[in-house]
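Okay, so here's the structure we're looking at.
Numbering (UniProt numbering), first residue to last: 1 to 141.
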């Protein structure tokens, strides 16, 4: 006689939100070469099981292929012993001028993908952001 086996399983998905503002004072005075970066202070997302991140900004680009354009990395700060199988993030990049949002772009990534950092160094993004900021500055003058 055959026996019937029933299995019940569940998966819990956690979703936390964090609004992190990183201000770089006197940005125009920064003189770095391609591949040199500025790292933001570490910030946490979540309450019980916090996930830590930082931003890494390369003002002249992370690599020679994108020299002259800003590269920005959202980097998980992960203890190698507690590395998650999956860490999905949706994040937005806003260009703000005099407290007004002049450009916004939203990104969605699985940050646990082979342990690689996710980057934004697409020249079109930065050209559009720069043009929006310059337009906004002209209009506010």
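Note that CB positions come from ideal geometry on N, CA and C, so glycine has one too.
For the pair residue 96 and residue 88, the CB atoms are not nearer than the 8 Å cut-off.
By a beta-carbon distance limit of 8 Å, residue 35 contacts residue 58. Their separation comes to about 7 Å. Ranked by Cα distance from residue 45, the options 39, 37, 63, 78 are led by 78. When C-beta atoms of the region 54 to 74 are compared with those of the region 17 to 36, three or more pairs fall below 8 Å, so the two segments count as touching. Distance between residue 21 and residue 105, taken at the CA atoms: about 15 Å. Counting only unbroken stretches of 3 or more residues, the beta strand (DSSP E) elements lying wholly within the region 24 to 63 are 43 to 45, 51 to 58, in sequence order. Look at residue 77 here: in three-state DSSP terms it is strand. Secondary structure of residue 8 (DSSP, three-state): coil.
Burial is judged here by how many other beta carbons sit within 10 angstroms of a residue's own beta carbon; residue 94 has fewer than 16 and is exposed. DSSP places residue 96 in the uninterrupted beta strand (DSSP E) bounded by 88 to 97.
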